[in-house]
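Working notes, structure below.
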Amino acid sequence: MATAPSAARSEPSHGHLHLCSDDKVWAVKQVSTSNSVYVTKTQLLPSQVINSQKQQNNDSNHESNVEDGENILNASNNATGQGRNTAGTDGDAHMTLELDAERAAQNDDQQRPPGRVTPRTDIGSQTGIAAISQVHNVLELVEVKPNDAEIEANIRNIVPVLDDPDHDANEIHLRAPNGGPDANTATVTLREVLDNTPTPTKYVISILKNLFVFILPRRQDERQISATYIPTTHLLLRAWKTFIQQCAISGVKLTTPEGLSGEQLIQDVFRGMIEEAEMKEDGTLTVAVTRAILRQFDLANSDRPDDGGTVSNHHHLDPELDVDLDLHQDLDLVGQPLVLQRDLVSQAVGSWVLLSLRDQQPPSTTVTVAEFLKQWTELLPDSWAEDCDPKALVRTFGAGVGLAKDANSTGAEVLRFTAAATPGSGGGNGASLPKGPVSAVRKDDAGKGQSEAQNHKKRKWHEKFAAQRIKADK
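Using my numbering, the first residue of the sequence shown is number 646, and each one after it goes up by one.
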């Protein structure tokens, strides 16, 4: 497989041959050698050849006498012009026939390549080694450490980006930022992604998970395929909001130590998400993105050895809701209770909200820290929301967002968006996991104690929403 040029390179370059397995990659180099290298194979040596070789080694004098006799006979035949036809009954004709057969066998051996023998299976045969080719150049395999940034760039060049259909009425539903493939026309399967990414399978799968890649059924050439997409931050945020709302309606608790069973997710949550959607396609999209989120934040995903092996057996999935039936099993949910990693979920949701706010605001505008914290914590279970630290999250977020004091009010802390979202960093681009340490977004014990009571009074969003929906259903 030849490596594709990196997207960051401005000048075209030639690819290089790489050999990939499921867990390693080697660069293939051609080197010259002064040694004589032969490609050999085992071959069966006939008993006649073995016996002849033994006889030659043990009795060279006898062979010399036979050759002298052969020369005398040849000279005699040439002189008389009779050969075997004029031989009498004294055995000369019989000797001539034997010598002719031996001479024909020797000529055949001389015409055959070195070490090549005619395969036979007669009794007494033994195994030998035959040279079938000589190598003048040698290919050397040099193990290469995969580069995550290059893998991600290659995947982003292959897989289309799918945005939230309700994000902006002026934008098309499927779009391709940063010169990627057009999702309106491009249908890329997981197999095509793996075949066109010169990297071990386990590394590709890991990056796909970090990008929350999901699968949707699509029609192509009168057949249905499973197409891969990268969700934008807006689409991830929309799917998570819908998931949290449905959990509140169904009474599903994300904080239970034993986790959620596959039956709970399918019957109580996923089915409800599809039924509540205005169109079945929207519900299928939301469920597919939600599955990608849960797959990444499942505790079993972090405990599982990163060996690129199978992580799903599909036994707990409803075929009507399993939009990933044709997907590589490494990109599916595990067939065991789902236990979410609270720190990772809190950090990711906070980052999605922050990116969404930044995209909604023009440069040099502000949003109060309290408003940001409210939107963030409303999308988390109460016990998780108590640990959220907006200042710590902003500090790990990077350029474009900063903390400041609002000069037009009482000096409340605000988020100041100092620059517009750069390509690849906004909520409308393909999302990925936050880069900052997860421990940085959690409050210490002192900060947690000061705000616990206040947050509990402010936040009853889940209970209010669930009560309203239950009342309406009655």
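Heads up, the beta-carbon is just placed ideally off N, CA and C, and yes, glycines get one too.
These numbers come from a predicted model, not from an experiment.
Asked: To the nearest angstrom, how far is the alpha carbon of Gln688 from that of Ile938?; Found: 57 Å
Asked: Should Val891 be labelled buried (16 or more other beta-carbon atoms within 10 Å of its own) or exposed?; Found: The residue you asked about is not Val; residue 891 is Gln in the sequence shown. The residue in question, Gln891, is buried, as its Cβ has 16 or more Cβ neighbours within 10 Å.
Asked: Examine the Cβ distances between the region 996–1006 and the region 914–932 and report whether three or more of them are shorter than 8 Å.; Found: no
Asked: Is the beta carbon of Val833 closer than 9 Å to that of Ile852?; Found: no
Asked: Rank Leu930, Gln869, Pro862 by C-alpha distance to the C-alpha of Leu881 and give the top, closest one.; Found: Leu930
Asked: Taking Gln779 and Val670 to be in contact with their CB atoms under 8 Å, please state how far apart those CB atoms are, rounded to whole angstroms.; Found: That belief does not hold up - the Cβ atoms of Gln779 and Val670 are roughly 30 Å apart, past 8 Å.
Asked: How would you label Asp793, buried or exposed, when you count the other beta carbons within 10 angstroms and need 16 or more for buried?; Found: exposed
Asked: Could you have a look at Ser1001 and say whether DSSP puts it in helix, strand or coil?; Found: helix
Asked: Alpha carbon to alpha carbon, how far is Leu664 from Pro805?; Found: 26 Å
Asked: Going by C-alpha to C-alpha distance, which of Arg1003, Leu983, Leu899 sits closest to Asp1027?; Found: Leu899
Asked: Less than 8 Å between the CB atoms is what I'm expecting for Arg883 and Asp809, so what's the real figure, rounded?; Found: 5 Å
Asked: With 16 as the cutoff for other CB atoms within 10 Å, does Arg868 come out buried or exposed?; Found: exposed
Asked: Checking the sheet assignment: what are the DSSP bridge partners for Asn782?; Found: Ser677
Asked: Beta carbon of Ser1001, beta carbon of Thr878: below 9 Å?; Found: yes
Asked: Does Ala933 come out as helix, strand or coil in the three-state DSSP assignment?; Found: helix
Asked: Provide the residue(s) that pair with Thr844 in DSSP beta bridges, ordered along the chain.; Found: Beta-bridge pairing links Thr844 to no other residue.
Asked: Here's a check: name, in chain order, each residue in its chain whose Cβ is nearer than 8 Å to the Cβ of Asp927, leaving out the five neighbours to either side.; Found: Pro810
Asked: From Val934, Lys1050, Trp885, Phe1062, pick the residue whose C-alpha is nearest to that of Glu1023; which is it?; Found: Trp885
Asked: Shortest alpha-carbon distance to Arg1061 belongs to which of Phe1017, Leu1018, Trp1021, Val1012?; Found: Val1012
Asked: In whole angstroms, what separates the C-alpha of Val787 from that of Val984?; Found: 40 Å
Asked: If you check the beta carbons only, do Gln912 and Asp943 fall under 9 Å apart?; Found: no
Asked: The alpha helix (DSSP H) spanning Ile889 covers which residue range?; Found: 878–895
Asked: Please identify the residue among Lys1050, Val1046, Trp1029 whose C-alpha is closest to the C-alpha of Gln1006.; Found: Val1046
Asked: Does the Cβ-Cβ distance between Lys1036 and Leu1025 come in under 9 Å?; Found: no
Asked: Check Glu1058 in the structure and name its three-state DSSP category.; Found: strand
Asked: Would you kindly work out how many angstroms separate the C-alpha atoms of Asn799 and Glu903, rounded to a whole number?; Found: 38 Å
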